[in-house]
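>
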Amino acid sequence: QVQLVESGGGLVQPGGSLRLSCAASGNISSIWNLGWYRQPPGKKQREWVATITSGGTTNYPNSVKGRFTISRDNAKNTLYLQMSSLKREDTAVYYCNQNPPVLSWGQGTQVTVSS
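Per my numbering, the sequence shown starts with residue 37, numbered consecutively.
1. List in chain order: all unbroken beta strand (DSSP E) runs of 3+ residues lying wholly within the region 69–144.
2. Near Thr-87, which residues of its chain fall below 6 Å by C-beta distance, leaving aside the five closest residues on each side in sequence?
3. Leaving out the 5 sequence neighbours to the left and right, which residues in its chain are closer than 6 Å to Arg-82 when beta-carbon positions are compared?
4. Helix, strand or coil: how does DSSP classify Val-149 here?
5. Near Gln-39, which residues of its chain fall below 6 Å by C-beta distance, leaving aside the five closest residues on each side in sequence?
6. Using a 10 Å radius around the Cβ and a threshold of 16 neighbouring Cβ atoms, would you call Asn-63 buried or exposed?
7. With 16 other CB atoms within 10 Å as the buried threshold, where does Arg-108 fall?
8. According to DSSP, what are the bridge partners of Val-41?
9. Can you list, in chain order, the residues of its chain whose CB lies under 8 Å from that of Pro-77, leaving out five sequence neighbours each side?
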């Protein structure tokens, strides 16, 4: 099974930007839908943040649309999430997975938006 390792999180001020990466241990080119998810502090459920198909079609919930951009590099087996105009409510641990999320979850990467 493909293993996923997220990175790129950190502390950023409101209005700032971050770029998250998700490195896969195997070939992701055959995986149709890949996605980013997040788990805000104090919440048990992860929430969906973005999806990208193998053809490059993207989809986002209204909460991040226009601020977040998902992309994939199949040659590098890597998924990205460019986040801009960050808000305090974007604070969460961010994860990548298939969509729907059928792979084992990685450790995630913490994003904290605070002044």
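By construction, the Cβ of each residue, glycine as well, lies at the ideal position given by its N, Cα and C atoms.
A quick look at the data gives this:
1. Complete beta strand (DSSP E) runs here, min 3: 69–75, 83–89, 104–109, 114–119, 128–134.
2. Residue 87 sits at position 51 when you count from the first residue of the sequence shown. Counting only residues of its own chain and dropping the five nearest sequence neighbours on each side, Thr-87 has a CB closer than 6 Å to the CB of Asn-69, Gly-71, Asn-95, Asn-135.
3. Taking the sequence shown and counting its residues from 1, the one referred to as residue 82 is at position 46. Answer for Arg-82: Tyr-73, Gln-75, listed in chain order.
4. Here the question's residue 149 lines up with position 113 in the sequence shown. Strand at Val-149.
5. For the purposes of this step, residue 39 is taken as the residue at position 3 of the sequence shown. Answer for Gln-39: Ser-61, listed in chain order.
6. Along the sequence shown, read from residue 1 onward, the residue named residue 63 stands at position 27. Of the other Cβ atoms in all chains shown, fewer than 16 fall within 10 Å of the Cβ of Asn-63; this residue is therefore exposed.
7. For the purposes of this step, residue 108 is identified with residue 72 of the sequence shown, where counting begins at 1. With 16 or more other Cβ atoms within 10 Å, it is buried.
8. Within the sequence shown, residue 41 is the residue found at index 5, counting from 1. BP columns for Val-41 point to Ala-59.
9. Counted from its first residue, the sequence shown places residue 77 at position 41. Taking C-beta separations shorter than 8 Å and ignoring five residues to either side along the sequence, the partners of Pro-77 in its chain run Thr-127, Ala-128, following chain order.
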